[in-house]
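Comments concern the structure below.
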Amino acid sequence: MEQQKVDNDMLQLADVQQEAALFMVEENSDYVEIDYIGQWVDVNNYVTHKEAKERQLQKTTKKYIYSQTGETLESIEQRIAEHIQVDQPRYFSVDVYRNYHGDSGDFNYLARIIEYI
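The sequence shown begins at 12 in my numbering and counts up by one.
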């Protein structure tokens, strides 16, 4: 159940890239002020293990994110998203594991991020 939730949430990630231009305008020219117009591109590079194999992607690195006792699955997902935004892998997959933490009623989570080229 948790793996399916993470899979769905990772598919929602989008890396937004902005293309910009710089204009220098001289005083007393015929230029008029305009609002910035750019191009926004959504990129989703999350793949399942099966898709990675079908595309013959090569594994480059693995990263493990461990939860603290009582940390929620949502906070682990946030940390995964932050890692992806920083590393910006070409493609990635995520495996999530959980372990019941003693008598606390809480789970400990482990997320494995595999990056591909």
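The beta carbon of each residue, even a glycine, is placed where N, CA and C say it ideally should be.
Local conformation of residue i per DSSP, three classes
i, result
"Asp20", "helix"
"Asp114", "coil"
"Arg66", "coil"
"Arg101", "coil"
"Glu82", "coil"
"Ile128", "coil"
"Ala122", "strand"
"Met35", "With a pLDDT of 49 at Met35, under the threshold of 50, the predicted position of this residue should be treated as unreliable, though the coordinate-derived value follows. Note: Met35 maps to coil in three-state DSSP."
Neighbourhood of residue i by C-beta, 8 Å cutoff - its chain only, sequence neighbours within 5 removed
i, result
"His94", "Lys74, Ile76, Ile124"
"Thr59", "Asp18, Ser104"
Nonlocal neighbours in the same chain, by C-beta distance under 7 Å from residue i, ignoring five residues either side
i, result
"Phe118", "Arg109, Asn110, Tyr111, His112"
Own chain partners of residue i with C-beta closer than 6 Å, once the 5 adjacent residues on each side are dropped
i, result
"Ser78", "Ile87, Asn119, Tyr120"
"Arg66", "none"
"Glu126", "Thr71, Thr72, Pro100, Phe103"
CA-to-CA distance, residue j to residue i, given in whole angstroms
i, j, result
"Tyr102", "Ile91", "14 Å"
"Lys70", "Pro100", "11 Å"
"Gln89", "Met21", "10 Å"
"Ile128", "Gln15", "24 Å"
"Glu62", "Leu68", "9 Å"
"Gln96", "Gly116", "32 Å"
"Asp98", "Lys64", "22 Å"
Closest Cα partner of residue i within the set the options
i, options, result
"Gln23", "Gln14, Asn56, Met12", "Asn56"
"Glu85", "Ile128, Ala122, Thr72, Gln96", "Ala122"
"Asp114", "Val97, Lys61, Gly81", "Gly81"
"Glu13", "Lys64, Thr72, Thr83, Lys61", "Thr83"
Environment of residue i [buried if 16+ CB atoms lie within 10 Å]
i, result
"Val107", "buried"
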